[in-house]
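Have a look at the structure below before the remarks.
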Amino acid sequence: MGRRQFRHLMRVAVSVREGVISSATLLKRLRSGSHKNATYTVFREVGRVIRTVQLLRYLTDAPLRRRVTSATNKVESFNGFSQWVGFGNQGVIADNDPVEQEKAMKFNALVTNAVIFHNALVIAEIVRQLLEEGWEIDPEDLAQVSPYLTEHIKRFGEYSTHELAVQPEAYDPKLDVDFTQLRDQEPAASGFGTAA
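The numbers in the numbering used here rise by one with no breaks, and the one at position 9 of the sequence shown is 238.
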């Protein structure tokens, strides 16, 4: 990359940072422009350099590989859980209307998050009960508990509508679990979420 291209690249980067042009607009222009466009070529080459550096870092840094694998597994677990929740039509969105597709995805995300919230409350209640009974909770063990539980959910079970008029009980604040005592026990250098 020559000095002229580097100066142009920096001008574009500063324009994005200062809000003169949005990154989305820049990407649209680069996508729609010619692949022979100098700005497109410079950004592509810088991207290749960054990707190569990241790949080399990934290959040489075992803790980074473990963190990436852990994060990938969490994302895959969430996606699998979300697909399990959105079982209708085998998870296929048959509508070609983008608005309807977006609605279907958002409704599925809403139901998925509601089930995760329910599971988290149940887990918190169990942890609270164990702590009251004098059990010692190891933060590392607790970190292995996933809110993506499905065994207790009856997707095809019996649903009654006579309870629709029944007002639900207020949220019980005693279900809140104070995790600070567990946080104090955590190893100082867990390494999760730190930049390499």
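Cβ coordinates follow ideal geometry from the N, Cα and C atoms, glycine included.
At the C-beta level, residue 378 and residue 348 come within 8 Å of one another. When rounded, the separation of the alpha-carbon atoms in residue 314 and residue 267 is 47 Å. When only Cα atoms are considered, residue 282 and residue 385 end up about 49 Å apart. Looking from the CA of residue 269, the closest CA among 401, 234, 323 and 391 belongs to 234. The alpha-carbon separation between residue 373 and residue 306 amounts to approximately 13 Å. DSSP places residue 267 inside the alpha helix (DSSP H), whose first and last residues are 267-289. Three or more Cβ pairs closer than 8 Å define a contact, and the segment 333-349 falls short of that threshold against the segment 272-279. For residue 383, there is no enclosing alpha helix (DSSP H), as DSSP marks it with neither H nor E. For residue 372, the enclosing alpha helix (DSSP H) starts and ends at 368-372. Under the 10 Å beta carbon count, residue 333 is surrounded by 16 or more other beta carbons and is classified as buried. For residue 337, the secondary structure class from DSSP, reduced to helix, strand or coil, is helix. For residue 389, there is no enclosing alpha helix (DSSP H), as DSSP gives it neither H nor E. In the assembly as shown, residue 299 is an exposed residue. Its beta-carbon has fewer than 16 other beta-carbons within 10 Å. Taken atom to atom, the span from the alpha-carbon of residue 402 to that of residue 318 is near 38 Å.
By the CB criterion at 8 Å, residue 366 and residue 359 fall inside the cutoff. Counting the other CB atoms within 10 Å of its CB gives residue 310 a total of 16 or more, which places it among the buried residues. In summary, residue 344 is buried, with 16 or more beta-carbon neighbours lying within 10 Å of its beta-carbon over all protein chains present. Taking C-beta atoms as the reference points, residue 404 and residue 354 count as a pair closer than 8 Å. Non-local beta-carbon contacts of residue 330 in its own chain, meaning distances under 8 Å to residues more than five positions away in sequence, involve 322 and 324 in chain order.
Taking a 10 Å sphere around the C-beta of residue 243, we find fewer than 16 other C-beta atoms and assign the residue as exposed.
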